[in-house]
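Start counting the sequence shown at 155; every next residue gets the next number (my numbering).
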Amino acid sequence: IPGVKLYIKRVFITDDDRELMPHYLRFVRGIVDSEDLPLNISREMLQKNRILTNVKNTSVKKILGELLNLKKDKEKYEDFYREFNRLLKEGVYQDFNNRDTLVELLQFKSTKVEGLTGFAEYKERMKPDQKAIYYVTGGSEQSLRRSPLLEAYKERDIEVLLMDDEIDEIVIPVVGKYKDIEMKSLNRSDTAEDLKTKEDQQKEKEIEPLIKKMKDILGEEVKDVKASARLSDSPSCIVTDEKDPTIQMQQILKSLGQKDIPEVKPILEINPNHKIVKKLERIDNREILEDAIRLLLEQALLLEGADLKDLPGFVKRMNNVIAKSLHES
């Protein structure tokens, strides 16, 4: 179905709107009537015409302005956004000149409010000492709300945006900042550095012998093992190094059929205060220690939606732990 039709002095010229509207606004329907273009202009000249370029730029700004006005009606805008949000995100990625306006149109789920919210509203709710806009990406809203990556932020009452659309993984890093406020992904290893206290640093030193054992046991399965400042209830989680694609991005690349994707090793973070981790520090039985450490990694991978390489091994380790638990009870 043709989107935008071009008329010159009320004479129909074309309904091929590639020169009239960027591809991400392909949901727009309407007519552009110009008094400034010559009636006998050819298709080739249309592609190079400065006046038509100005018409296109003006039209885009007008449409985005109307969407900003629509955004004032929260209910109507959310209805629109649910239908066309991916096209707006496509625009953020493609249209540098209008990126700032398009970013204002983006909406996300949040740990603080019902429905959808934007970056401007998030900024208003930020704590006085908050250093960044925090977000987490993943496969579904339900899994994100239960993610261990959120634990410390919930404890500190810090809002996190929940990005459960795979395209967010591509678009948000392109944006980078909002009004000079950095956007930080909870899926990344260094994000929780903002949360670290002197007590956390002391716990890191105390747990160094266990971390050394874990690195020795896990070897090449992980990029690193660290004490975590982001966990309160869970014993472990996995994150990705700043320079590596996240698990979600790796899955996107695979779904697009990209071959020869380099293997990215996760960073395993452990909670020094969790009873499982404390017990690991005291275990002398090497076999039990290895099983427990691998299970900490594997359960963290499963929570992030990753596939386990050794599913039979995982089941065997689970059975060993269950059998030992039943024997002791």
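All residues carry an ideal CB built from backbone N, CA and C; glycine is no exception.
Closer than 7 angstroms by C-beta to residue 458: which residues in its own chain qualify, once you throw out the five before and the five after it? Chain order, please.
In the sequence shown, residue 458 corresponds to position 304, counting from 1. The answer, listed in chain order, is 392 and 401.
Closest by CA to residue 225, which one among 274, 210 and 190?
Mapped onto the sequence shown, residue 225 falls at position 71. Distance check between residue 225 and each of 274, 210 and 190 places 274 closest, using alpha-carbon atoms only.
Kindly indicate which residue of 204, 327 and 420 has the alpha-carbon position closest to the one of residue 460.
Position 306 of the sequence shown holds residue 460. Closest in alpha carbon position to residue 460, among 204, 327 and 420, is 420.
Using the C-alpha atoms, what's the distance from residue 309 back to residue 255?
For the purposes of this step, residue 255 is taken as the residue at position 101 of the sequence shown. For the purposes of this step, residue 309 is taken as the residue at position 155 of the sequence shown. Rounded to the nearest angstrom, the two C-alpha atoms are 33 angstroms apart.
Taking 8 angstroms as the cut-off, is the CB of residue 363 close to at least one heavy atom of the ligand ATP?
By its list of ligands, the structure shown contains no ligand whatsoever, and the ligand ATP lies outside what it can speak to.
What does a CB cutoff of less than 7 angstroms around residue 358 pick up in its chain, not counting 5 residues either side in sequence?
Here residue 358 refers to the residue found at position 204 when the sequence shown is read from its first residue. Apart from the 5 residues on each side of it in sequence, residue 358 sits with its Cβ closer than 7 angstroms to the Cβ of 381 in its chain, given in chain order.
Using only the alpha-carbon positions, how far apart do residue 182 and residue 231 sit?
For the purposes of this step, residue 182 is identified with residue 28 of the sequence shown, where counting begins at 1. For the purposes of this step, residue 231 is identified with residue 77 of the sequence shown, where counting begins at 1. Spanning the two alpha carbons is a distance of roughly 15 angstroms.
Thinking residue 216 and residue 189 are a contact (beta carbons under 8 angstroms), I'd like their distance in whole angstroms, please.
Walking along the sequence shown from the start, residue 216 turns up at place 62. Walking along the sequence shown from the start, residue 189 turns up at place 35. Residue 216 to residue 189, Cβ: 17 angstroms. No contact.
Quick one: residues in its chain with C-beta nearer than 7 angstroms to the C-beta of residue 377, no 5 flanking neighbours on either side, listed in chain order?
Working through the sequence shown from its first residue, we reach residue 377 at position 223. These residues qualify, in order along the chain: 395, 419, 420 and 421.
Nearest to residue 245 by alpha carbon, out of 388, 317, 280 and 328?
For the purposes of this step, residue 245 is taken as residue 91 along the sequence shown, with counting starting at 1. Considering only 388, 317, 280 and 328, the residue with the shortest C-alpha distance to residue 245 is 328.
Reduced DSSP category for residue 187 - H, G, I as helix; E, B as strand; rest coil
Within the sequence shown, residue 187 is the residue found at index 33, counting from 1. Of the three classes helix, strand and coil, the one that applies to residue 187 here is strand, per DSSP.
Quick check: the region 338-348 against the region 271-291, are there 3 or more CB pairs under 8 angstroms?
With a cut-off of 8 angstroms on Cβ pairs, the region 338-348 is in contact with the region 271-291, counting three or more such pairs.
In this structure, does DSSP put residue 317 in helix, strand or coil?
Translated into positions along the sequence shown, residue 317 becomes position 163. Residue state, collapsed to three classes: strand.
Residue span of the alpha helix (DSSP H) that contains residue 451, given as start and end
Working through the sequence shown from its first residue, we reach residue 451 at position 297. Taken as a continuous stretch (DSSP letters only), the alpha helix (DSSP H) holding residue 451 covers 440-457.
If you follow the alpha helix (DSSP H) that residue 429 is in, where does it begin and where does it stop?
Translated into positions along the sequence shown, residue 429 becomes position 275. First-last of the alpha helix (DSSP H) with residue 429: 429-434.
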